[in-house]
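The structure under discussion appears below in the form of structure tokens.
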Amino acid sequence: MTIYLWGPPAVQAQTNPPETGLSDEMLDAVADIPGKGFSLPLVCGTGLPCMVQFHPDLGAGADVEDYLCGPDSYDGHTGTDFRLRSHSDLRSGIAVLSAASGRVVLERDSAPDDASSETVEGDPRTINGNAIVIDHGGGWQTRYNHLRQGSLRVRVGEDVPRGAVLAQVGLSGQSNYPHLHFEVIYLGTRYDPFSGRGLEDGCKGEQHSLWHEHALE
Numbered sequence: 005m006t007i008y009l010w011g012p013p014a015v016q017a018q019t020n021p022p023e024t025g026l027s028d029e030m031l032d033a034v035a036d037i038p039g040k041g042f043s044l045p046l047v048c049g050t051g052l053p054c055m056v057q058f059h060p061d062l063g064a065g066a067d068v069e070d071y072l073c074g075p076d077s078y079d080g081h082t083g084t085d086f087r088l089r090s091h092s093d094l095r096s097g098i099a100v101l102s103a104a105s106g107r108v109v110l111e112r113d114s115a116p117d118d119a120s121s122e123t124v125e126g127d128p129r130t131i132n133g134n135a136i137v138i139d140h141g142g143g144w145q146t147r148y149n150h151l152r153q154g155s156l157r158v159r160v161g162e163d164v165p166r167g168a169v170l171a172q173v174g175l176s177g178q179s180n181y182p183h184l185h186f187e188v189i190y191l192g193t194r195y196d197p198f199s200g201r202g203l204e205d206g207c208k209g210e211q212h213s214l215w216h217e218h219a220l221e
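Residue numbering for the sequence shown follows the working numbering, starting at 5 and increasing by one per position.
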């Protein structure tokens with residue numbers, strides 16, 4: 005499967021990488037991800053209506069850097085944005101999938117799909133929109149933002165397998181185009197799934213993909 009990237013190409017998972025720049029604790033934690041890595045949170049590939057628009061910002065301060073030290077992010081961005089090609093794709097209903105097995109610990113379905121909605125400081129409904137968070141155990145969580153209102157299929161406390169349909173891509177919250185904002189979180193810190201580097205680690209240094217070995221085929 006080929007992912008269309010508006011930015012750098014995907015980094016494939018490395019086997020026993022030397023001097024990764026990641027701590028032994030972090031590498032052990034990566035090995036403990038259910039299924040040995042995360043799957044894509046939506047079906048996205050050749051001929052399909054989605055692409056990566058932005059990556060997490062790994063730059064220090066006001067500097068903006070994606071995981072290959074390129075410009076395909078923006079200041080303070082904390083996740084990977086999978087955008088749809090058009091509003092017609094939004095209306096057709098593009099499923100958001102669980103990236104690994106786990107338990108739903110947050111779900112919100114009260115924000116309208118309205119790009120003109122006013123953002124209210126301190127109100128996550130107007131920023132992240134409709135959202136789901138899944139706890140995968142071992143300190144790992146994934147977060148899914150800007151979901152389509154009324155499309156959520158899971159509730160807090162529910163156990164879900166890898167690939168379970170969670171909701172649909174939407175336009176809720178602070179979103180000026182239909183997309184899924186996807187975050188990988190370990191012990192409260194957000195990580196770039198293409199490189200395994202934390203948002204405070206910068207883009208330079210060896211990398212270790214957090215994706216399942218078949219996720220980017």
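Idealized CB from N, CA, C, for every residue including glycine.
Given this structure, state the Cα-to-Cα distance separating LEU9 from PRO60, to the nearest angstrom. Within the sequence shown, the letter at position 5 stands for residue 9. Within the sequence shown, the letter at position 56 stands for residue 60. A caution first: LEU9 carries a pLDDT of 42, below 50, which makes its placement in the model too unreliable to give a value.
Taking just the CA atoms, how far does GLU210 sit from ALA17? Taking the sequence shown and counting its residues from 1, one reaches residue 17 at position 13. Taking the sequence shown and counting its residues from 1, one reaches residue 210 at position 206. Residue confidence is low: ALA17 scores 34 on pLDDT, short of 50, so the model does not pin down where it sits. Its coordinate-derived value is still stated next. If you take the alpha carbons of ALA17 and GLU210, they lie about 12 Å apart.
Going by the beta-carbon positions, is the gap between THR82 and PRO197 smaller than 9 Å? Within the sequence shown, residue 82 is the residue found at index 78, counting from 1. Within the sequence shown, residue 197 is the residue found at index 193, counting from 1. Not in contact: THR82 and PRO197 (Cβ atoms no closer than 9 Å).
Need the endpoints of the alpha helix (DSSP H) that HIS91 sits in, please. Here the question's residue 91 lines up with position 87 in the sequence shown. Segment 91-96, the alpha helix (DSSP H) holding HIS91.
Note the first and the last residue of the continuous beta strand (DSSP E) segment covering ASN132. On the sequence shown, position 128 is the one that residue 132 refers to. That residue, ASN132, is in no beta strand (DSSP E); it is neither H nor E in DSSP.
Please report the straight-line C-alpha distance between GLY11 and TYR71, rounded to a whole angstrom. As a position in the sequence shown, residue 11 is number 7, starting the count at 1. As a position in the sequence shown, residue 71 is number 67, starting the count at 1. Bear in mind that the predicted position of GLY11 carries a pLDDT of just 38, short of 50, making it unreliable; the figure below should be weighed with that in mind. C-alpha separation (whole angstroms): 10 Å.
Do the CB positions of VAL100 and PRO45 come within less than 9 Å of each other? Locating residue 100 in the sequence shown gives position 96, where the first residue counts as 1. Locating residue 45 in the sequence shown gives position 41, where the first residue counts as 1. Going by C-beta atoms, VAL100 is nearer than 9 Å to PRO45.
What does the alpha-carbon distance come out to for the pair GLY65 and ALA219? What you label residue 65 is simply residue 61 of the sequence shown in a count that begins at 1. What you label residue 219 is simply residue 215 of the sequence shown in a count that begins at 1. Going from the Cα of GLY65 to the Cα of ALA219 covers about 32 Å.
Nearest by alpha-carbon distance to VAL47: which of GLU217, PHE58, GLY167, GLN178 is it? Counting from 1 along the sequence shown, the entry for residue 47 is found at position 43. VAL47 has its Cα closest to that of GLY167, out of GLU217, PHE58, GLY167, GLN178.
Given this structure, state the Cα-to-Cα distance separating GLY143 from LEU214, to the nearest angstrom. Counting from one through the sequence shown, the residue named residue 143 turns up at place 139. Counting from one through the sequence shown, the residue named residue 214 turns up at place 210. Their Cα atoms are separated by approximately 14 Å.
Could you compute how far the alpha carbon of HIS216 sits from the alpha carbon of ASN149? Position 212 of the sequence shown holds residue 216. Position 145 of the sequence shown holds residue 149. When rounded, the distance between both Cα atoms is 21 Å.
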